[in-house]
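Taken in sequence, the protein lines are chains A and B. Numbered by the numbering used here, the letters in the first sequence go through residues 1 to 585 in order. Numbered by the numbering used here, the letters in the second sequence go through residues 1001 to 1585 in order.
There are 2 protein chains.
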Amino acid sequence: MLRTHTCGELRIDNVGEEVVLTGWVQRLRDKGGMLWIDLRDRYGITQLTFEDGVTPAHLFEEARSLGREYVIKVIGKVIERYSKNDKIPTGDIEIHASKIEVLNAAKLPPFMIEDETDGGDDLRMKYRYLDLRRTPVRRNLELRHQMMRAVRAYLDEHYFIEVETPVLIKSTPEGARDFVVPSRMNPGEFYALPQSPQTFKQLLMVSGFDKYYQIVKCFRDEDLRADRQPEFTQIDCELSFVTQEDILNTFEGLIRHLFLKVKGVHIANLPRMTYADAMKFYGSDKPDTRFDMRFVELNPLVKNKGFKVFDDAELVVGINAKGAASYTRKQLDELTDFVKRPQIGATGLVYARVQEDGTVKSSVDKFYTVEDLQAWATAFNAEPGDLILVLAGGRDKTRKALNELRLEMGERLGLRDKNVFSPLWVVDFPLLEWDEDSNRFHAMHHPFTSPKPEDLELIDDRPGDIRANAYDMVINGVEVGGGSIRIHDRRLQEQMFRLLGFSNDEAKAQFGFLMDAFEYGAPPHGGIAFGFDRLCSLFGGSDSIRDYIAFPKNNSGRDVMIDAPSPIANAQLDELHIKMKNLPS
Amino acid sequence: MLRTHTCGELRIDNVGEEVVLTGWVQRLRDKGGMLWIDLRDRYGITQLTFEDGVTPAHLFEEARSLGREYVIKVIGKVIERYSKNDKIPTGDIEIHASKIEVLNAAKLPPFMIEDETDGGDDLRMKYRYLDLRRTPVRRNLELRHQMMRAVRAYLDEHYFIEVETPVLIKSTPEGARDFVVPSRMNPGEFYALPQSPQTFKQLLMVSGFDKYYQIVKCFRDEDLRADRQPEFTQIDCELSFVTQEDILNTFEGLIRHLFLKVKGVHIANLPRMTYADAMKFYGSDKPDTRFDMRFVELNPLVKNKGFKVFDDAELVVGINAKGAASYTRKQLDELTDFVKRPQIGATGLVYARVQEDGTVKSSVDKFYTVEDLQAWATAFNAEPGDLILVLAGGRDKTRKALNELRLEMGERLGLRDKNVFSPLWVVDFPLLEWDEDSNRFHAMHHPFTSPKPEDLELIDDRPGDIRANAYDMVINGVEVGGGSIRIHDRRLQEQMFRLLGFSNDEAKAQFGFLMDAFEYGAPPHGGIAFGFDRLCSLFGGSDSIRDYIAFPKNNSGRDVMIDAPSPIANAQLDELHIKMKNLPS
């Protein structure tokens, strides 16, 4: 290579060696006849020094004329530093250069290539290749690679076989919106990009592959948010001849392996929580269990005391924000405003402070006696200094709002430490959810998820109450993975499609190949998929998956660096047998 | 799991154990009151036995009623076999079943699930999930997984970092035809699926990632052949601060590692051959060097002796098919017909036999003296029993035709053993190739390949003679990988685009982001990409990459199993702002 060593490699033992380094000029300091250059590459930073009068004059001038981000090659000798820098591994040495070669000059970057940069989001997206030079961004991708290696090591060791499934597949109306690809060779027809390899991995189980995995790109044409990208990466797994218990154990093992290998963190066995409990105690199917602050339902304690808001409410439910009794009127008003935001939608917030003497002072004192309020405190296990926050209204809406308030209070009280990890399984999800818009049931997980056998009797009268053999892994309030035991019986699968409002013809046209496969000896099977981008961002302590994707797209689905998507030539459209709507062609 | 052991696991040491197995009924033999069932899973086959009168009657009948490919669970005891089968690892034992549970019944498969099947191609593609059950097909995918692991192990060990690049990118007119994806959020605009991550990996070098790799799906909308698929997998690599020599050494190391780990084969250092020599001696830039049979050019020996065909020819060139002098008239006629096929295009074939007594007998004896022909034999180093085959005509066309004849003779003489591997590097490719159709130069490799500095002076007068810093790895006549040292200088890149007929505006619109990046400190860099499907098929000893892809497409780009591509709903077209041509909408 053009170098003998990287910029992160030289130590005190190398002193005296003649070396060749290559890299980028990170910083240049010129002071009192001395010149220091920090030379950077992927592996670290090494200091080059030049001394006026000692360094040959032409070399000194050459070094002085270098600009930030110039790419250079330096030949020099490793010298022990006079004042050592114990913040970097190469801090004991420096290079006395004898020759510099500029491999490529650099214009002034549009923002500082430093850990803390002055570049705004848009600028950094446009010059993503420069943003990627910054150490924290590079570290994110290094973490991602490390995670990927650890995932593969675990799954390989457990006899999983990685099989690549196709990217050009078939569009199906179920689920999110597909990206489609017009076919040149098959006029009028389109491929779709996979939202997941779901049907293929099930077919691999029918084929007898037994344990499959793939780290694979998936695609959803949905409106974007900070934690969504049109293309994302999934750790996709499927196993045969397993029960739900086997899957939970196997992937609990995976996540513990990851935490140990990547973060050096020991994780205990994962607790399991039913979907029903998660909704009841946290108002969410992905509870952040780094902190307790469970919901307490107050209906029996608060009804029929003359407070109409509570009397009319389907559910009165609250949390105990421990130690927050000192919250000022202003802070409480903020919280009230918070819960009344349209996206949260509560009509108001009732609070009760447990005072130093143990008595309770609430915003609804006129409706409740001292004993009533004392009973609230008991229900919440509240102590002096605690603040009880109560919402009321329709059950689902109120739970949802209180979940937001709980997370907000967790944040305010410093209970959501990014370095604390609290994974759990949420199990026993409902099989179906009612969709008001289309006035029919949707599959909560997907149409291939199996119902619990003991709930099958509800199928005609109360299908909404059927529980599924479905499970999610949740860490710190983030759903990192989810899966289910699948249906492997043709008739049950047909029944499921009917429940979801498919006609027999529709079901056959879309998923006939899978149902056919079930008739040729399909084993019992199940699986799981993890959102890899999200898992990386969680391990890295960030809320945004974009920070862990090399070339992400913005909220309009654009790659502003390469300027994609973009118009294509009419000849291309012609070959694909399509034309633009409302455009002459 | 539902089983205690797999079907490939039990040995003589397990005798006496009570076990639970799951799997597919491979075969059922019923003879003289005995019933044997071969139970199959991914891991192997285990024999179950039932004996009329010993096995409980209901269980015997149950077992007898099982069909091929039924999925069952069996509880039983491991017994030492009376007549052992040393062909399978479980051949020392069998299971005396005490209970059978049918997990799923199976219809009769449309073809035999055996190593040798009676199913035709079309049927096996439609029921690919059944074809994948056959051991040889499953082994292919297991080999693929093993190759993937070995590639990753080597690259990880050499400090490469795997970075995922986007699948939804920008369409460019250069290279093969793109698959495109209409954007819903950006009306009138399209993404393209990558033909390779070329520009992204170069940007990663500009970012300082130093050593990148990715095992990645790529896409080309081209007419298909047996060894082409619309989506294929590439081992994609790029390195900074390297010379061509570094890259050749690194990836020579990779391929030797693969042969050792996967095939147990030691490969010597890879020979290197210039493109010019490859064309001169093999008539191909991907010579099959498992056998010698090099071209010998005869112009000085054959001209001006009155044989018009040779006199008029730009090139007279032949090969020595050792030991083939005994070829009959009929066989020689076959060879003549072979070279005269339109796709080969020679006008005729001249041959000369070296007889037992050392004299040479040719099909053009009347034009050449005994001494002339003796000189031919000397030129070919031919011995008694050898057959010299000579073609004549335009240089390039004749070389191409003789390459085909050489491969054919290699095949006929048994010199192309699938278990012999002969890798080499072909280097010093031309930078450009002239395209008659478009009447302009095309980049032989791609527009980012750097010219050899010493050839740059030819740029104005003889650009066609410029050699590139480009290299291919060839094994057994198959190009398995190729790459180049890239341009990292904006002006040279602009010059290259001009040579290729791009206007400045076109170059900027398509690749402006890359040329901009070159101005912010781009290091010298280069890389390589291997066709992973092809590499797997080569290792597996097959000519077809389809055998190494789980769910391949047919020659019309169709997945006949899932029936993709397929029409999509008008509502989907509307959302994407497109309509079909020549269809009312």
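Even glycine gets a Cβ: it sits at the ideal position worked out from N, Cα and C.
Worksheet item: Quick one: is residue 1488(B) near chain A, going by C-beta distance under 8 Å?
Response: Within the second sequence, the letter at position 488 stands for residue 1488(B). For residue 1488(B), the answer is yes, since a Cβ of chain A falls inside 8 Å of its Cβ.
Worksheet item: Looking at the unbroken alpha helix (DSSP H) that takes in residue 1450(B), where does it start and where does it end?
Response: Along the second sequence, one-based indexing puts residue 1450(B) at 450. In the DSSP assignment, residue 1450(B) falls outside any alpha helix (DSSP H) and carries neither an H nor an E.
Worksheet item: In whole angstroms, what separates the C-alpha of residue 362(A) from that of residue 148(A)?
Response: Counting from one through the first sequence, the residue named residue 362(A) turns up at place 362. Counting from one through the first sequence, the residue named residue 148(A) turns up at place 148. Roughly 52 Å between the two C-alpha positions.
Worksheet entry | Close Cβ partners of residue 1006(B) (< 6 Å) along its chain, the five nearest in sequence each way excluded | In the second sequence, the residue the question calls residue 1006(B) occupies position 6. Around residue 1006(B): 1041 and 1043.
Fill in: Inter-residue Cα distance where the pair is residue 456(A) and residue 438(A)
For the purposes of this step, residue 456(A) is identified with residue 456 of the first sequence, where counting begins at 1. For the purposes of this step, residue 438(A) is identified with residue 438 of the first sequence, where counting begins at 1. In a straight line, the C-alpha of residue 456(A) is about 24 Å away from that of residue 438(A).
Discussion item. Would residue 1500(B) and residue 1443(B) be called neighbours here (beta carbons separated by less than 8 Å)?
Written reply: Taking the second sequence and counting its residues from 1, one reaches residue 1500(B) at position 500. Taking the second sequence and counting its residues from 1, one reaches residue 1443(B) at position 443. Yes. Within cutoff.
Worksheet item: What is the rounded straight-line gap between the Cα of residue 503(A) and the Cα of residue 187(A)?
Response: Taking the first residue of the first sequence as position 1, residue 503(A) is located at position 503. Taking the first residue of the first sequence as position 1, residue 187(A) is located at position 187. Rounded to the nearest angstrom, the two C-alpha atoms are 27 Å apart.
Fill in: Residue range of the unbroken beta strand (DSSP E) whose run includes residue 213(A)
In the first sequence, counting from the first residue as 1, residue 213(A) sits at position 213. In the DSSP assignment, residue 213(A) falls within the unbroken beta strand (DSSP E) covering 211–219.
Worksheet item: How many angstroms separate the CA atom of residue 1237(B) from the CA atom of residue 1510(B)?
Response: By one-based count along the second sequence, residue 1237(B) stands at place 237. By one-based count along the second sequence, residue 1510(B) stands at place 510. Cα-Cα distance, rounded: 23 Å.
Practice prompt. Leaving aside the five residues before and after residue 407(A) along the sequence, list all residues of the same chain whose C-beta is less than 8 Å from its C-beta, in chain order.
Written response: One-based indexing of the first sequence puts residue 407(A) at position 407. Correct list, in chain order: 288, 416 and 477.
Discussion item. With DSSP as the reference, identify every bridge partner of residue 302(A), one or two as the case may be.
Written reply: Here residue 302(A) refers to the residue found at position 302 of the first sequence. Per DSSP, none; premise fails for residue 302(A).
Practice prompt. Give a yes or no on whether the C-beta atoms belonging to residue 1070(B) and residue 1106(B) are separated by under 8 Å.
Written response: By 1-based counting over the second sequence, the position of residue 1070(B) is 70. By 1-based counting over the second sequence, the position of residue 1106(B) is 106. The answer is yes: Cβ separation under 8 Å.
Worksheet item: According to the Cβ coordinates, are residue 193(A) and residue 167(A) closer than 8 Å?
Response: Walking along the first sequence from the start, residue 193(A) turns up at place 193. Walking along the first sequence from the start, residue 167(A) turns up at place 167. Contact: yes.
Discussion item. Counting only C-beta atoms, is residue 1316(B) closer than 8 Å to chain A at any point?
Written reply: Counting from one through the second sequence, the residue named residue 1316(B) turns up at place 316. Residue 1316(B) does not count as touching chain A.
Worksheet item: Based on the DSSP secondary-structure assignment, which residues constitute the bridge partners of residue 1048(B)?
Response: Along the second sequence, read from residue 1 onward, the residue named residue 1048(B) stands at position 48. Bridge partners of residue 1048(B): 1037(B) and 1095(B).
Practice prompt. Using a Cβ cut-off of 8 Å (strictly closer), state whether residue 1042(B) contacts chain A.
Written response: Locating residue 1042(B) in the second sequence gives position 42, counting from the first residue. Yes, residue 1042(B) lies at the interface with chain A (some Cβ there is under 8 Å from its Cβ).
Practice prompt. Mark residue 1585(B) as exposed unless 16 or more other C-beta atoms lie within 10 angstroms of its C-beta, in which case mark it buried.
Written response: Against the second sequence, residue 1585(B) aligns to sequence position 585. For residue 1585(B), the predicted model reports a pLDDT of 47, less than 50, meaning its position is unreliable; a value from the coordinates is still stated below. Taking all protein chains shown into account, residue 1585(B) has fewer than 16 neighbouring C-beta atoms within 10 Å of its C-beta and is therefore exposed.
Practice prompt. On a CA-only basis, which of 265(A), 53(A), 87(A) and 58(A) is nearest residue 47(A)? Give me that one, please.
Written response: Indexing the first sequence from 1 puts residue 47(A) at position 47. Checked all of 265(A), 53(A), 87(A) and 58(A); the closest Cα to residue 47(A) is 87(A).
Fill in: Under the three-state DSSP convention, the category residue 623(A) falls into
In this structure chain A extends from 1 to 585, so residue 623(A) is not present and cannot be described.
Fill in: Within 7 Å of chain A by C-beta, residues of the region 1087–1114 of chain B in sequence order
Flagged, chain order: 1103, 1104, 1106, 1107 and 1109.
Practice prompt. Report buried or exposed for residue 308(A), applying the criterion of at least 16 other Cβ atoms within 10 angstroms of its Cβ.
Written response: On the first sequence, position 308 is the one that residue 308(A) refers to. Exposed, since its Cβ has fewer than 16 Cβ neighbours within 10 Å.
Worksheet entry | Counterpart residues of residue 1432(B) in DSSP-defined beta bridges | What you label residue 1432(B) is simply residue 432 of the second sequence in a count that begins at 1. Beta-bridge pairing links residue 1432(B) to 1443(B).
Item to complete: Name, going along the chain, the residues of the region 497–517 of chain A whose beta-carbon falls closer than 7 Å to a beta-carbon of chain B.
Response: 513 and 517
Discussion item. With the cut-off set at 8 Å, would you say residue 268(A) and residue 428(A) are in Cβ contact?
Written reply: On the first sequence, residue 268(A) is found 268 positions in, with the first residue counted as 1. On the first sequence, residue 428(A) is found 428 positions in, with the first residue counted as 1. No.
Worksheet item: For residue 585(A), does the three-state DSSP call read helix, strand or coil?
Response: Your numbering for residue 585(A) matches position 585 in the first sequence. Note that residue 585(A) scores a pLDDT of 47, beneath 50, so its modelled location is shaky and nothing firm can be said.
Discussion item. Do residue 10(A) and residue 93(A) count as a contact pair if the criterion is CB distance below 8 Å?
Written reply: To locate residue 93(A), count along the first sequence from 1; it is residue 93. To locate residue 10(A), count along the first sequence from 1; it is residue 10. Contact: yes.
Worksheet item: Is the Cβ of residue 194(A) closer than 8 Å to any Cβ of chain B?
Response: For the purposes of this step, residue 194(A) is identified with residue 194 of the first sequence, where counting begins at 1. Chain B places no beta carbon closer than 8 Å to that of residue 194(A), leaving this residue out of the contacts.
Worksheet item: Under a three-way DSSP split, which group does residue 1229(B) fall into?
Response: In the second sequence, the residue the question calls residue 1229(B) occupies position 229. Here residue 1229(B) sits in coil by DSSP.
Practice prompt. Under 6 Å Cβ to Cβ from residue 957(B), same chain only, skipping five residues before and after it: list those, please.
Written response: Because chain B spans 1001 through 1585 in this model, residue 957(B) falls outside it and cannot be assessed.
Item to complete: Starting from residue 1186(B), find everything on chain A with Cβ-Cβ shorter than 8 Å and list it in chain order.
Response: Position 186 of the second sequence, counted from the start, is the residue given in the question as residue 1186(B). In chain order: 556, 557, 558 and 565.
Worksheet item: Do three or more CB pairs link the region 1364–1374 of chain B to the region 1321–1340 of chain B at distances below 8 Å?
Response: no
Worksheet item: Would you say residue 344(A) and residue 404(A) are within 8 Å of each other, going by their C-beta atoms?
Response: Here the question's residue 344(A) lines up with position 344 in the first sequence. Here the question's residue 404(A) lines up with position 404 in the first sequence. Contact annotation: residue 344(A) and residue 404(A) have beta-carbon atoms nearer than 8 Å.
Worksheet entry | Listed by chain order, chain B residues near residue 165(A) by CB distance under 7 Å | The residue given as residue 165(A) occupies position 165 in the first sequence. What residue 165(A) touches in chain B: 1550 and 1551.
Worksheet item: Ordered along the chain, which non-local residues of its own chain (more than five positions away) have a Cβ less than 6 Å from that of residue 1220(B)?
Response: In the second sequence, the residue the question calls residue 1220(B) occupies position 220. The answer, listed in chain order, is 1176 and 1195.
Discussion item. I'd like the span of the alpha helix (DSSP H) that includes residue 1257(B), first residue to last.
Written reply: As a first step, residue 1257(B) must be located in the second sequence, where it is residue number 257. Note, residue 1257(B): alpha helix (DSSP H), 1244–1258.
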